[in-house]
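Peer 1: One structure, as structure tokens, below. Some questions next.
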Amino acid sequence: MIPRKTPLEITKMRESGRLIARLFEHIRPMVQPGITTAQLDSEAEMFIDMNNAKPAFKGYRGYPATLCTSINDCIIHGIPGQIKLKAGDIIGLDVGVLMDGFYADAAVTLPVGEVPAHARALMRVSEAAMNEGIGQAIPGNRLYDISSAIQKTAEGAGYSVVRDFVGHGIGEKLHEEPQIPNYGKKGTGPLLETGMTLAIETMINQGTWKVRILKDKWTALTADGRLSAHFEHTIAITPDGPHILTAL
Ligand code: MF3
Ligand code: CO
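At position 94 of the sequence shown the residue is numbered 534 (our numbering), and the sequence of numbers has no breaks.
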């Protein structure tokens, strides 16, 4: 069963979501050549702490940090450390927070300095695919309307859709039902209803969709070493369509 939230519960999720949007505004200017991913992580942790919230990922199944920092061929779950960003990199920043009993979860992929046009194009399409998916999150649609819109946008631009990771329901838990694959058949899947809250996340690759997991059991890389771009918003399905909760 897919849990549905009351308007009051959605208001709480919006507070968590707004904190993430503010966090990204705060971190974005720090994403420059020379900074380490550990520095970004400690800044994010401090920001969340100062706002009386809790980082959602730290300690989750043993994950050691507040942010996931996924550089270039890293799809998701890059662990912050002493690696320095360099001009031309792209970096995915993924963060979840818990405030007043409710979670929000979002991700963006950002350029570091000047990046090649092919990398910018990948980021643009991954974000557009997420937005196309969000656009399908209306009462009366089916879950895989979201999936199919994402798949069409990504594959239509010549990219591939990662199979091994999916979006998810979110609310009182970081991961709730349903799983939301980024590929699927339009018009199928569970009915979407008012009050459902979903984390819609696109993981879109330049080359193969196949992944390789490092020995740390987290870091997910593209199997062919080409670039990947990740975007994620937490949204609520309302009578007048999707509301993005992780925006200002
Ligand atoms: N946005 C990802 C997710 O919802 C990040 C999870 S990282 C983890 O699954 F450490 F919390 F697993
Ligand atoms: Co997520």
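Idealized CB from N, CA, C, for every residue including glycine.
Does Ala-461 get closer than 9 angstroms to chain D when you measure Cβ to Cβ?
Peer 2: In the structure shown, chain D does not exist; there is a single protein chain.
Peer 1: What whole-angstrom Cβ distance do Ile-578 and Leu-533 have, given they're in contact under 8 angstroms?
Peer 2: Mapped onto the sequence shown, residue 578 falls at position 138. Mapped onto the sequence shown, residue 533 falls at position 93. Going by Cβ atoms, the distance from Ile-578 to Leu-533 rounds to 28 angstroms, so no, they are not a contact pair.
Peer 1: What whole-angstrom Cβ distance do Ala-669 and Met-563 have, given they're in contact under 8 angstroms?
Peer 2: Against the sequence shown, residue 669 aligns to sequence position 229. Against the sequence shown, residue 563 aligns to sequence position 123. Rounded, the Cβ-Cβ distance is 5 angstroms, consistent with contact.
Peer 1: Out of Lys-494, Leu-667 and Thr-662, which has the shortest C-alpha to C-alpha gap to Gly-528?
Peer 2: The sequence position of residue 528 within the sequence shown is 88, counting from 1. Cα-wise, what sits closest to Gly-528 is Leu-667.
Peer 1: For the beta strand (DSSP E) containing Asn-571, list its first residue and its last residue.
Peer 2: Indexing the sequence shown from 1 puts residue 571 at position 131. Premise fails: Asn-571 lies in the alpha helix (DSSP H), 557–575, not in any beta strand (DSSP E).
Peer 1: Give a single yes or no on whether Asp-440 has its beta carbon closer than 8 angstroms to a heavy atom of ligand 2.
Peer 2: Lying before the first or after the last residue shown, residue 440 is absent from the chain, which here runs from 441 to 688.
Peer 1: Can you determine whether any heavy atom of ligand 1 sits closer than 8 angstroms to the C-beta of Arg-753, and answer yes or no?
Peer 2: No answer is possible for residue 753: the residues shown for the chain start at 441 and end at 688.
Peer 1: Got a sec, what are the start and stop residues for the beta strand (DSSP E) Phe-671 sits in?
Peer 2: Taking the first residue of the sequence shown as position 1, residue 671 is located at position 231. Phe-671 -> beta strand (DSSP E) spans 668–678.
Peer 1: Specify, as a first and last residue, the run of the alpha helix (DSSP H) that Ser-448 falls within.
Peer 2: As a first step, residue 448 is located in the sequence shown; it is residue number 8 there, counting from the start. Note that residue 448 is Leu in the sequence shown, not Ser. Segment 447–467, the alpha helix (DSSP H) holding Leu-448.
Peer 1: Going by alpha carbons, who is nearest to Arg-652 out of Cys-514, Gly-629, Asp-481 and Ile-442?
Peer 2: As a first step, residue 652 is located in the sequence shown; it is residue number 212 there, counting from the start. The option with the nearest alpha carbon to Arg-652 is Cys-514.
Peer 1: Between which two residues does the alpha helix (DSSP H) carrying Leu-480 extend?
Peer 2: In the sequence shown, counting from the first residue as 1, residue 480 sits at position 40. 477–490 is the span of the alpha helix (DSSP H), which, as asked, contains Leu-480.
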